[in-house]
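Quick note: the sequence shown uses my numbering, first residue 2, plus one each step.
Note that beta-carbon positions come from the ideal geometry of N, C-alpha and C, so glycine has one too.
Note that the coordinates shown come from a computational prediction; the quantities given were computed from them, not determined experimentally.
Working notes for the structure below.
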Amino acid sequence: MRPLPIAGSRIAGIRADYTIHIYTDSDYELVIEAPMSMCVGDDITVVDPTQGEPDQQALRQLIGRTIDVAMYSDRNGLLLRTDDRCVYSVPPIEDFESWQCVGPDCYAIGVPSNTL
Numbered sequence: 002m003r004p005l006p007i008a009g010s011r012i013a014g015i016r017a018d019y020t021i022h023i024y025t026d027s028d029y030e031l032v033i034e035a036p037m038s039m040c041v042g043d044d045i046t047v048v049d050p051t052q053g054e055p056d057q058q059a060l061r062q063l064i065g066r067t068i069d070v071a072m073y074s075d076r077n078g079l080l081l082r083t084d085d086r087c088v089y090s091v092p093p094i095e096d097f098e099s100w101q102c103v104g105p106d107c108y109a110i111g112v113p114s115n116t117l
């Protein structure tokens with residue numbers, strides 16, 4: 002797994018339609034285009050933007066949280082952990098880009114071939 006420079010950033014806003022846009026206070030944007038698993042303790046919620054408008058209530062709980070861990074790999078996709086110990090993961094998808102991270106020091110994309 003390789004780190005993304007968004008660790009330590011606070012989630013400032015979210016926009017969701019057929020993609021999930023996560024904006025941080027340090028000018029980074031995560032764009033999620035594939036199902037995202039949200040693990041809180043033993044509870045797992047899957048938010049899938051490919052099926053129409055995702056669950057806004059589940060996503061709003063991210064606002065104000067600090068990203069403690071932000072990692073990615075070819076095989077495992079994107080992994081985030083927030084200061085409330087919730088884990089968010091976006092696996093690689095074969096048909097399209099599953100996620101992007103864009104910001105001052107980063108441009109990373111999880112592309113269809115499971116490479117970055």
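What residue from the options has the CA that sits closest to residue i's CA?
i: GLU30; options: GLY14, THR51, MET37, PRO92; result: GLY14
i: ALA71; options: ASP56, GLN57, CYS87; result: CYS87
i: ALA59; options: GLY78, MET37, ILE68, THR51; result: MET37
i: HIS22; options: GLU95, ASN77, ASP75, ASP49; result: ASP49
i: ARG16; options: GLN62, PRO6, ILE7; result: GLN62
i: ASP84; options: VAL47, ILE68, GLU95, ILE94; result: ILE68
i: ASP106; options: ARG82, ASP18, VAL47, SER27; result: SER27
i: ASP96; options: ASP56, THR51, LEU80; result: THR51
i: ILE94; options: VAL103, GLU54, PRO55, ARG76; result: ARG76
i: GLN57; options: THR25, TYR19, ASP43; result: TYR19
So, helix, strand or coil for residue i, using DSSP?
i: LEU31; result: strand
i: LEU60; result: helix
i: ALA13; result: strand
i: ILE7; result: coil
i: TYR19; result: coil
i: MET39; result: strand
Leaving out five residues on either side along the sequence, give the residues of the same chain with a beta carbon under 7 Å from the beta carbon of residue i.
i: GLU98; result: GLU34, ILE110, GLY111, VAL112, PRO113
Please list, in chain order, all residues of the same chain as residue i whose beta carbon is under 6 Å from its beta carbon, the five residues on each side excluded.
i: PRO92; result: GLY78
i: GLY9; result: none
Please report the Cβ distance between residue i and residue j, rounded to the nearest whole angstrom; I am assuming they are in contact, meaning their Cβ atoms lie under 8 Å.
i: GLN101; j: VAL32; result: 4 Å
i: ARG3; j: SER90; result: That belief does not hold up - the Cβ atoms of ARG3 and SER90 are roughly 15 Å apart, past 8 Å.
i: ILE7; j: GLY65; result: In fact, because the Cβ distance is near 15 Å, the residues do not count as touching under 8 Å.
query: What beta strand (DSSP E) runs, 3 residues minimum, are completely inside the segment 92 to 117?
result: 100 to 104, 107 to 111
query: Could you give the uninterrupted runs of the alpha helix (DSSP H) lying entirely in the segment 43 to 87, keeping only those of 4 residues or more?
result: 57 to 61
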